[in-house]
Amino acid sequence: MNEQSITAQQSLSKSNSDNQVNIEQQKDFKEYSYRWSIVIMFCLVNMMNSIQSITFSPISSQVEQAYNTSKFIVSMTSLVTMLCYIIFNFPSNYILSHKGLKIGIFVGIFFTILGSWIRLFINNNFGWAILGQVFAGIAQPFILNAPTQIAAVWFKPYQRQLATSILCLVSVIGVGIGFLFSSFIVNPSYTDDTKQEIYNLMLFQAITITACCIPSLFFFKEKPPTPPSLSASFQKTEFWISLSTLFRNKHFLFTCIYFGCILGNFNSVSALINFYLKNFNFSTNETSYLGGAFILSGIIGSAIITRMVEKNNKYKKYIIISSILSLFSYTFVSAVLIIESFIVQLLGFFLYGFFSTPLIPLTLEFGCEITFPISESTSSGLIYMSGQLFGILQIILSAEAIQIESQKNVLICLSLGFFLQLFGLVFIVQVEENLKRKNQEQLQLQKQTEQIQELSEVIESQLKNQSFMSFLKQKNPFIIHSNSKS
90 MNEQSITAQQ SLSKSNSDNQ VNIEQQKDFK EYSYRWSIVI MFCLVNMMNS
140 IQSITFSPIS SQVEQAYNTS KFIVSMTSLV TMLCYIIFNF PSNYILSHKG
190 LKIGIFVGIF FTILGSWIRL FINNNFGWAI LGQVFAGIAQ PFILNAPTQI
240 AAVWFKPYQR QLATSILCLV SVIGVGIGFL FSSFIVNPSY TDDTKQEIYN
290 LMLFQAITIT ACCIPSLFFF KEKPPTPPSL SASFQKTEFW ISLSTLFRNK
340 HFLFTCIYFG CILGNFNSVS ALINFYLKNF NFSTNETSYL GGAFILSGII
390 GSAIITRMVE KNNKYKKYII ISSILSLFSY TFVSAVLIIE SFIVQLLGFF
440 LYGFFSTPLI PLTLEFGCEI TFPISESTSS GLIYMSGQLF GILQIILSAE
490 AIQIESQKNV LICLSLGFFL QLFGLVFIVQ VEENLKRKNQ EQLQLQKQTE
540 QIQELSEVIE SQLKNQSFMS FLKQKNPFII HSNSKS
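The sequence shown maps to residues 90 to 575 in my numbering.
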């Protein structure tokens with residue numbers, strides 16, 4: 090009887106041990122404080138690339154006069170970055186998903202720094218500035234496609250949306266800082282010193298960009314020692330299979346079209362805003378302040394709306410609501426231009442930034458959710474590519490329209506943006522909200538809870554048996570002794 094008891098206890102111990110192993114495996118999913126260092130380093134890199142990409146937009150009028158070039162050539166400084174993004178999007182996706190975050194971001198840093206220094210030859214020929222923007226454009230997909238992957242690799246699900254928002258929004262902040270940099274260094278009105286001021290701007294940016302990017306070359310880490318979640322430890326789908334799957338996913342394609350319309354309009358307005366507002370007698374400094382208001386409100390709006398999504402995971406609901414309010418705000422901005430009031434326009438840009446900016450991180454995370462287990466960099470890369478493609482088309486059409494300066498042409502360009510956003514809204518409404526990544530994590534959490542309950546029941550049963558045997562020994566030791574002999 091003793092041997093049977095020992096065997097049973099050994100079997101029970103083994104069962105407990107197996108359950109304990111499963112639970113310990115779940116405990117391996119943890120976060121590391123170094124994740125915030127990764128966020129800071131990446132934010133600096135992302136911000137510098139955005140500052141570089143937007144450099145010439147707020148001073149487009151001065152550049153046009155200083156280098157005796159056309160509005161379309163000046164708009165090429167924005168166009169080439171978007172075009173290069175599209176061309177190098179697939180190589181960047183492959184490198185980020187198969188060679189790793191570290192290598193991909195290093196490539197982005199290299200081309201960002203290279204482009205910033207090449208632009209110093211701008212006073213020899215404006216073509217050098219465009220070449221520098223080409224290198225900034227090559228760097229963009231290696232940087233812009235990384236936020237969702239960084240969030241997935243370093244953060245637990247409860248903080249993943251917040252991390253994505255921070256990592257994405259810093260790009261928008263970079264655009265705002267780029268507007269301010271250019272306006273502070275280059276005089277709003279063209280003078281004989283304008284060329285030298287533009288050169289000083291190039292030099293200042295090159296030094297700043299290099300200083301902010303260098304730390305990542307030494308301290309950026311690929312991933313933490315252990316994954317923060319089940320989805321982070323998942324084996325991602327092979328790259329070429331991922332592409333095939335994504336292009337056959339109707340809901341993902343609808344999301345791409347929607348985001349393309351939203352980001353495309355954002356890119357177009359950012360690139361041509363100085364040309365637009367100049368026709369309504371707004372100065373370069375006022376344009377910069379309006380851009381700053383847009384960025385500030387975007388940060389506030391993203392913090393609030395992201396928090397709401399984290400609480401209930403209703404991505405589609407908040408995307409649609411924000412899109413509708415963004416469309417109304419954009420219409421307000423366009424309609425009140427004829428008043429030529431800076432205060433009224435400031436209010437419009439604040440509202441537009443508040444509701445439109447959160448759509449960037451929300452849509453990227455939503456895209457990752459509905460395409461899991463495809464690599465985050467691959468899905469977000471295709472979504473971003475759609476935005477760049479729509480942006481290129483809108484900039485080309487708008488830049489051509491405003492060659493003849495008139496308020497009517499500006500309003501026509503802005504109307505194009507209105508219909509583009511409305512077109513995108515039609516597609517996002519039809520997307521099915523199937524949060525595959527969160528559902529998988531919820532299923533795993535449920536299994537973990539069941540394992541813990543099962544282990545608790547086994548332990549409780551074992552303790553009861555031991556207590557019962559002890560009671561019998563105390564009351565009738567002779568019976569226990571006799572049973573042991575038999």
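The beta-carbon is built from N, C-alpha and C at its ideal position, and this holds for glycine as well.
Assigned with DSSP and collapsed to three states, Asn135 falls in helix.
Spatial neighbours of Gly437 in its own chain (CB-CB distance under 8 Å, excluding positions within 5 residues in sequence) are listed in chain order as Ser418, Phe421, Val422, Val425. Nearest in C-alpha terms to Gly226, of all of Ser150, Glu465, Asn554, Thr170, is Thr170. When the five nearest sequence neighbours on each side are left out, the beta carbons in the same chain lying within less than 7 Å of the beta carbon of Asn374 are those of Ser272, Pro277, in order along the chain. A buried status is given to Leu290, since no fewer than 16 other beta-carbon atoms sit within 10 Å of its beta-carbon.
In the structure shown, Pro450 falls within a helical segment according to DSSP collapsed to helix, strand and coil. Taken in chain order, the whole beta strand (DSSP E) runs of length 3 or more contained in the stretch 248-309 number zero. Remark: three or more beta-carbon pairs, one from each stretch, lie closer than 8 Å, so the stretch 260-275 and the stretch 382-394 are flagged as touching. Cα atoms of Ser139 and Ser545: separation of roughly 54 Å, rounded to the nearest angstrom.
Straight-line spacing of the CA atoms in Pro246 and Lys310 works out to 20 Å.
Between the stretch 170-186 and the stretch 297-317, the count of Cβ pairs shorter than 8 Å is below three; the stretches do not touch.
CA-to-CA, the gap between Gln294 and Glu465 works out to about 31 Å. Per the coordinates, the alpha-carbon of Gly476 lies some 30 Å from the alpha-carbon of Gln154. Proximity to Thr144 across Ile129, Met130, Val163 peaks at Val163, based on C-alpha coordinates. For Leu524, the three-state secondary structure derived from DSSP is coil. Counted as a single uninterrupted DSSP element, the alpha helix (DSSP H) harbouring Ile389 occupies residues 373-401. Thr315 has its alpha-carbon roughly 22 Å from the corresponding atom of Gln540.
Val152 and Tyr121 have their C-alpha atoms roughly 47 Å apart. Judged by pairs of C-beta atoms under 8 Å, the stretch 433-448 does not touch the stretch 205-216, as fewer than three such pairs exist. A Cβ-Cβ distance of about 19 Å is found for the pair Cys457 and Arg396, leaving them out of contact under the 8 Å criterion. The residue from Gly189, Phe118, Phe199, Gln519 with its alpha-carbon nearest to that of Asn135 is Phe199. Annotated three-state conformation of Pro246 is helix, per DSSP. Close CB contacts of Ala240 within its chain, under the 6 Å cut and outside five residues either way in sequence, are with Arg249, Ala252, Thr253 (chain order). Annotated as proximal: Thr166 and Ala218, with beta-carbon spacing under 8 Å.
Annotation for Gly204: the continuous alpha helix (DSSP H) segment containing it runs 190-207.
Pairing Gln229 with Cys173 gives a Cβ-Cβ distance under 8 Å.
With respect to the 8 Å criterion, Ile517 and Ile408 are classified as neighbours on the basis of their beta carbons.
Boundaries of the alpha helix (DSSP H) around Leu332: 328-336.
Annotation for His340: the continuous alpha helix (DSSP H) segment containing it runs 339-367.
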